[in-house]
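One structure is given here, and the rest of the page talks about it.
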Amino acid sequence: MKKYFLKTFGCQMNYSDSEKLESVLESIALEQVERIEESDIVIFNTCSIKQHAEDRVFGYVRNAKKLGKIVGLTGCMVRKTSTQHFEKDEKDSLLKKFERIDFVFRIEDMKSLPELLQEYDENIQRPKISFDELDYLNISPKLKENFRAFVPIMTGCDKFCTYCIVPFARGKERSRPFADIVNECEMHVKNGVKEITLVGQNVNAYFLDDSTRKTLQRQTDFAILLDEIAQIKNLKRLQFTSPHPRHMGQDVIDVMVKNENIARTLHLPVQSGSTKMLQKMGREHNISRFTDFTKNLRKAIPEITITTDIIVGFCDETEEDFQETMKLFNSEKFIMAYISKYSVRKGTIAGDKMKDTISLEEKKRRFELLTEKLKEVLRKENKKEIGKIEEVLVDEVKNGIASGKSHRGRTIRFPIGEKNKRFIGEIISVKIISSESIWSFTGEMM
Ligand code: 5AD
Ligand code: SF4
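FYI, in this note's numbering the residues of the sequence shown are 2 to 447.
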């Protein structure tokens, strides 16, 4: 067993975890391959957020077993079960499907993977470095690109939104020590990284864990961390995902104003435009709290762009509730929204105690109407961008066209005249010429 294939599903936290997993596998001299056919062992780092996400993984597992590979599973499908009844249901249903899988490990136990793999191949070497004493969040990632990095600052979630499986999959909120995070960011910047994304299920619940929540009673822990990292010399761009609207306050806005290297784009999941729905979802914020925050943010940073997550067709969502979400899109002018049709997750409060009242057909209708609304707003908003000059961090060059994201989160493509990879990882001033599609612009180098 020499070669492995790793496929990652889901959010940026999973991608960040996979970079650490790659470090662990490299330490035992396993070589990563890009094609599953060339591998001996296949690992899936999975997502559970919707049933569809889990079904996809099982499709991949079947295929990998057909190819005769040793298959391992990690990530959110391997639950950190916190309630007894959930654990039992979970075992019954997952183990049946796990028959085809050779091994399963929780992501935070990745340092024990070498030992686990020795069962399949006694030639597997002991790791050159010892991971034993390390919290997995401190394992150095194997970066795919040398110009940007994801840095986890916390993991888990205590919010228990009624629809969401994450608290069961990831367990309780746990913050990484301040100094460890800052050291890692400094190391990345020293190695040439220009853009850092701080990741976690609820980044702005940073450090508000059980032991500190009582004594601190303030929301500034995340703002303090953000401020400290933004001060790292030569860090060009700092962003974070995802914050919870409930913890979002003026302190974060103030830090963003003070530090211009913090991206002028914010992902702030709202989930619904109806306060009634938000309460049913257990979001613990109402719509006016959300819109008050975005109003203050726009007042302080007029050029900011905002993106969000929405669930359509949650239990008992009426046409009026849905129209509130449509209205919110008109007023908030999101430049992107990840819209999901509600998917029942067994073990969650909504999954066990609420009725999934909206038909799939109706969920699809709402999904399509909202997507059309997003596009309608964007068509108008995009026109306002023409002629602006933006700083683009180039992440791809293809056929003489470079592309990347601006500081305001917009995708911009521009010709570079030659097929030159030298541009990847560079920050280039680009003038926006036209709106190429709804989701991106074309521009020219200044
Ligand atoms: N059904 C549909 N969408 C969901 N999300 C989380 N749980 C569910 C669910 N059960 C969405 C939310 C969240 C994003 C990561 O996934 O919008 O913000
Ligand atoms: Fe899920 Fe809510 Fe936690 Fe986000 S805040 S991970 S939606 S439970």
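Virtual Cβ for every residue (Gly too), placed ideally from N, Cα, C.
Within 6 angstroms: the Cβ of residue i and any heavy atom of the ligand SF4?
| i | result |
| --- | --- |
| threonine 160 | Here residue 160 is lysine; the residue named in the question, threonine, does not match the sequence. Correct: lysine 160 has its Cβ closer than 6 angstroms to the ligand SF4. |
| glutamine 13 | no |
| histidine 248 | no |
| proline 168 | yes |
| histidine 268 | no |
| glutamine 202 | yes |
| histidine 245 | yes |
State the DSSP-derived secondary structure class of residue i, mapped to helix, strand or coil.
| i | result |
| --- | --- |
| glutamine 218 | Model confidence at glutamine 218 stands at a pLDDT of 47, short of 50, so the residue's coordinates are unreliable and nothing is read from them. |
| lysine 4 | strand |
| lysine 296 | helix |
| glutamate 123 | coil |
| phenylalanine 179 | helix |
| alanine 338 | strand |
| phenylalanine 148 | coil |
| arginine 63 | helix |
| isoleucine 166 | coil |
| lysine 173 | coil |
| proline 244 | coil |
| leucine 236 | coil |
| glutamine 13 | helix |
| histidine 53 | helix |
| lysine 143 | coil |
| glutamate 419 | coil |
| alanine 403 | strand |
| aspartate 136 | coil |
| threonine 84 | Its pLDDT being 36, under 50, threonine 84 is placed unreliably by the model, and the measurement read from it follows with that caveat. In the structure shown, threonine 84 sits in coil (DSSP, three-state: anything other than H, G, I, E or B). |
| glutamate 391 | strand |
| aspartate 210 | In this predicted model, aspartate 210 has a pLDDT of only 49, less than 50, meaning its place in the structure is not dependable; the value taken from the coordinates is given anyway. Coil. |
| aspartate 317 | coil |
| aspartate 93 | Caution is warranted here: a pLDDT of 47 is assigned to aspartate 93, below 50, making its placement in the model unreliable, and the coordinate value is therefore given only provisionally. In this structure, aspartate 93 counts as helix in the three-state DSSP scheme. |
Return the residue from the list the options that minimises the CA-CA distance to residue i.
| i | options | result |
| --- | --- | --- |
| arginine 107 | Phe223, Thr47 and Asn124 | Thr47 |
| serine 176 | Leu138, Val395, Phe148 and Asn184 | Leu138 |
| threonine 142 | Gln126, Asn15 and Ser49 | Inspection of the sequence shows that residue 142 is occupied by proline rather than by threonine. It is Asn15. |
| asparagine 236 | Glu320, Ile428 and Val378 | The sequence given here has leucine at residue 236, not asparagine. Ranking the options by Cα distance to leucine 236, first place goes to Ile428. |
| valine 345 | Ser404, Leu361, Asp322 and Asn421 | Leu361 |
| lysine 374 | Cys186, Met337, Lys8 and Leu298 | Met337 |
| glutamine 240 | Ile225, Glu229, Thr266 and Val258 | Thr266 |
| leucine 298 | Val258, Leu68 and Ile434 | Val258 |
| arginine 409 | Ile402, Ile390, Lys354 and Ile29 | Ile390 |
| leucine 31 | Gln13, Met327, Lys3 and Ile44 | Lys3 |
| threonine 75 | Leu269, Lys112, Asp41 and His53 | Lys112 |
| glutamate 419 | Asn400, Lys406 and Ser407 | Asn400 |
| aspartate 110 | Cys77, Asn124 and Met327 | Cys77 |
| tyrosine 61 | Phe45, Lys51, Ile71 and Phe335 | Phe45 |
| isoleucine 140 | Gln272, Arg366 and Ser17 | Ser17 |
| glycine 1 | Glu333, Phe315 and Glu321 | Residue 1 lies beyond the stretch modelled for the chain, which goes from 2 to 447, so this question has no answer here. |
| aspartate 122 | Glu285, Lys277 and Ile42 | Ile42 |
| tyrosine 339 | Lys381, Pro246, Thr349 and Val313 | Val313 |
| lysine 173 | His268, Arg80, Glu304 and Thr319 | Arg80 |
| serine 407 | Met446, Thr358, Glu38 and Lys8 | Met446 |
| lysine 234 | Leu199, Arg366, Met249 and Lys195 | Lys195 |
| proline 153 | Glu321, Asn287, Lys21 and Val190 | Lys21 |
| serine 243 | Gly348, Gly157 and Glu382 | Gly157 |
| glutamate 377 | Ile439, Ile225 and Leu118 | Ile439 |
Write down the C-beta distance between residue i and residue j rounded to the nearest angstrom, noting that I regard them as a contact closer than 8 angstroms.
| i | j | result |
| --- | --- | --- |
| arginine 238 | alanine 264 | 6 angstroms |
| glutamine 13 | glutamate 23 | In fact, because the Cβ distance is near 15 angstroms, the residues do not count as touching under 8 angstroms. |
| proline 471 | aspartate 310 | Absent from the model: residue 471. The displayed extent of the chain is 2 to 447, so no value can be given. |
For a test of your reading of the model: does the CB of residue i fall under 6 angstroms from any non-hydrogen atom of the ligand FMN? Yes or no.
| i | result |
| --- | --- |
| asparagine 331 | Summarising the ligand content, the structure contains the ligand 5AD and the ligand SF4 and does not contain the ligand FMN. |
Environment of the ligand 5AD in chain order, Cβ to heavy atom below 6 angstroms: Ile50, Lys51, Tyr164, Cys165, Pro270, Gln272, Asp310, Ile312, Ser341, Tyr343, Ser344 and Arg346
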